[in-house]
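Trainee: Which chain is which? The protein sequence lines are B and L, in order. Using the UniProt record's numbering, the first residue of the first sequence is number 1, and each one after it goes up by one. Using the UniProt record's numbering, the first residue of the second sequence is number 1, and each one after it goes up by one. A single structure is presented below for examination.
There are 2 protein chains.
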Amino acid sequence: MGEQLFITGDGGLRDLWREAFPSARGARPADKLDERETGLVWLLVPPGKAAARLVAPIRRRIGSRPLIILADEPGEEDALAALGAGASGYCNAHAASEVLLQVATVVENGGLWVGQRLLQRLLAGTARLAPPPVAEGGAWSVSLTEREREVAIAVAQGASNKEIARQLDITERTIKAHVGAILEKLGVRDRLQLSLIVNGIEVGR
Amino acid sequence: MGEQLFITGDGGLRDLWREAFPSARGARPADKLDERETGLVWLLVPPGKAAARLVAPIRRRIGSRPLIILADEPGEEDALAALGAGASGYCNAHAASEVLLQVATVVENGGLWVGQRLLQRLLAGTARLAPPPVAEGGAWSVSLTEREREVAIAVAQGASNKEIARQLDITERTIKAHVGAILEKLGVRDRLQLSLIVNGIEVGR
DNA sequence: CCGCCTACTGTACTGAAGTACAACCCGGAT
DNA sequence: ATCCGGGTTGTACTTCAGTACAGTAGGCGG
Chain B
1 MGEQLFITGD GGLRDLWREA FPSARGARPA DKLDERETGL VWLLVPPGKA AARLVAPIRR
61 RIGSRPLIIL ADEPGEEDAL AALGAGASGY CNAHAASEVL LQVATVVENG GLWVGQRLLQ
121 RLLAGTARLA PPPVAEGGAW SVSLTERERE VAIAVAQGAS NKEIARQLDI TERTIKAHVG
181 AILEKLGVRD RLQLSLIVNG IEVGR
Chain L
1 MGEQLFITGD GGLRDLWREA FPSARGARPA DKLDERETGL VWLLVPPGKA AARLVAPIRR
61 RIGSRPLIIL ADEPGEEDAL AALGAGASGY CNAHAASEVL LQVATVVENG GLWVGQRLLQ
121 RLLAGTARLA PPPVAEGGAW SVSLTERERE VAIAVAQGAS NKEIARQLDI TERTIKAHVG
181 AILEKLGVRD RLQLSLIVNG IEVGR
């Protein structure tokens with residue numbers, strides 16, 4: 001992993017960033033940059049600021065070094081604008097250190113860090129709502145054991161018995177047992193109806 | 001680096017690919033896939049073929065494994081369509097082995113391999129984002145015929161094929177035909193995943 | 001110690017879902 | 001006249017989901 005340079009308003013580094021990149025350095029937007037460095041450049045965009053506006057001036061000064069936007073308040077429009085302005089990645093400024101490492105890996109290898117959802121939206125010209133959460137702890141879960149809850153959620157997300165078995169590292173047979181018990185307790189016919197209940201979509205039966 | 005699976009017309013591997021991934025395996029499109037494998041899947045798209053058409057059927061069988069398109073005759077339109085259909089990367093089938101390794105690294109870390117030029121074009125062309133989500137007539141419905149839409153909605157509400165058949169007053173066999181066509185068009189595995197999409201839940205991938 | 005519950009697994013079966021291959025009808029476009 | 005796409009249906013097949021019946025094992029309260 002190359003050198004990481006973080007550009008923030010005051011040149012300070014956040015703990016999460018240090019955690020991901022112990023050797024990271026900080027700089028202020030106006031600071032002179034070392035021409036010889038080659039690593040990634042991260043740019044913090046404070047709340048209320050448009051990332052794209054900040055990108056252009058920085059880009060001119062860093063040359064070909066990849067630029068990644070760290071947004072305090074990420075937005076899809078903002079991300080688009082920033083990528084259009086030449087950024088190589090756009091992610092939440094509060095992202096976990098593992099995520100930052102991933103982003104760095106991707107960008108260092110010449111990739112772009114673009115969320116799948118964002119790309120889909122671009123391509124399709126149609127958008128989808130943020131994932132309506134799987135209602136954890138909804139009414140449906142009260143009669144289920146902990147293990148059954150796990151299975152129910154996996155089923156509701158579209159996983160097959162075999163996939164759930166791998167995920168929980170037990171046999172498919174046991175998953176069937178759990179699913180059977182869940183259907184019984186909730187009084188539904190099959191896994192699809194179970195998924196509707198877990199996802200909070202009450203449809204007449 | 002995880003296992004690499006190359007899907008080609010004849011299941012053969014090219015030298016360049018072997019060079020990049022000595023342990024790579026080849027398979028034909030119709031071959032059964034080992035459920036336990038988890039690495040990347042590469043799909044060779046021969047000249048004259050539309051990548052997007054080939055993506056959907058493969059995607060359904062590989063579940064959440066990232067899919068990368070290897071195009072013998074790359075085209076930007078084709079790339080867009082493929083990425084829209086759920087591919088995680090699109091590159092020249094004759095790319096050097098170092099490039100392939102980079103692509104693999106990027107995708108394995110959850111990135112998308114999109115050329116900078118391609119993204120620029122995307123942003124230039126579709127400058128505006130589609131309006132926020134929609135409850136009715138979502139993106140899923142655009143590629144479906146009227147009859148297929150009816151069936152998709154019924155499926156999404158938890159109806160069985162037999163019930164839908166009664167409801168539309170046609171045979172269960174025809175419902176199966178429609179459901180099959182819908183799954184194919186939307187690139188999903190089964191009716192539960194279809195219901196997630198229709199209900200705007202979009203979890204996997 | 002003894003039920004009782006939870007988790008887990010096995011064999012075997014039924015039925016639903018989905019696929020493969022094929023065919024027919026009809027209306028609109030070439 | 002011909003081609004094509006949508007809708008419809010058929011037979012036959014494979015795979016998956018779910019159920020029936022049965023059994024092992026650990027924890028916990030009476």
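Note that the Cβ used here is the ideal one computed from N, Cα and C, for glycine as well.
1) For the region 167 to 183 of chain B against the region 106 to 113 of chain B, are there 3 or more C-beta pairs whose distance is under 8 Å?
2) Looking at the unbroken beta strand (DSSP E) that takes in G89 of chain L, where does it start and where does it end?
3) Assign I7 of chain B to one of three DSSP states: helix, strand, or coil.
4) Using the beta-carbon of each residue, which ones in chain L are nearer than 9 Å to I62 of chain B?
5) In whole angstroms, give me the CA-to-CA distance for E148 of chain L and R25 of chain L.
6) Taking 8 Å as the threshold (C-beta atoms), are L194 of chain L and V142 of chain L in contact?
7) Is there a C-beta anywhere in chain L that falls below 8 Å from the one on T171 of chain B?
8) So L54 of chain B packs on A104 of chain B, CB below 8 Å; how close in whole Å?
9) Would you mind working out which of L:R14, L:P29, L:A30 and L:D31 sits nearest residue 212 of chain L, comparing C-alpha positions?
10) Under the DSSP definition of a beta bridge, which residues are partnered with V41 of chain L?
11) Let me check one thing: in DSSP terms, what residues is G187 of chain B bridge-paired to?
12) On the three-pair Cβ rule with 8 Å, is the region 90 to 101 of chain B touching the region 63 to 78 of chain B?
13) Does the distance from the CB of L161 of chain B to the CB of I201 of chain L come in under 8 Å?
14) Around the Cβ of E136 of chain L, are there at least 16 other Cβ atoms within 10 angstroms (buried) or fewer (exposed)?
15) Using three-state DSSP, classify R166 of chain B as helix, strand or coil.
16) Does the CB of G111 of chain L have a neighbour CB from chain B at under 8 Å?
17) Nearest to G158 of chain L by alpha carbon, out of L:A20, L:L196, L:E146 and L:G180?
18) Taking the alpha-carbon positions, what's the E3 of chain B to L100 of chain L distance?
19) Could you check how far apart the C-beta atoms of L43 of chain L and I58 of chain L are, in whole angstroms? I think they sit under 8 Å.
20) My output table needs one value for G26 of chain L: the three-state DSSP class, helix, strand or coil.
21) Is G63 of chain L near E163 of chain B, with beta carbons less than 8 Å apart?
Mentor: So, from the data block:
1) no
2) G89 to N92
3) strand
4) Near I62 of chain B there are no residues of chain L at all, since even the closest Cβ is about 15 Å away, more than 9 Å.
5) 38 Å
6) no
7) no
8) Contact doesn't hold; Cβ gap of about 20 Å is too wide.
9) Within the shown structure, residues of chain L are numbered from 1 to 205, placing residue 212 of chain L beyond reach of any answer.
10) L:L5 and L:L67
11) In the DSSP output, where bridge partners are listed per residue, G187 of chain B has none listed.
12) yes
13) In the sequence as displayed, the identity of residue 161 of chain B is Asn instead of Leu. No, the pair does not count as a contact, with Cβ atoms beyond the cut-off.
14) Confidence at E136 of chain L is low in this model, with a pLDDT of 47, below 50, so its placement is unreliable and no value can be given for it.
15) helix
16) yes
17) L:L196
18) 24 Å
19) 6 Å
20) strand
21) yes
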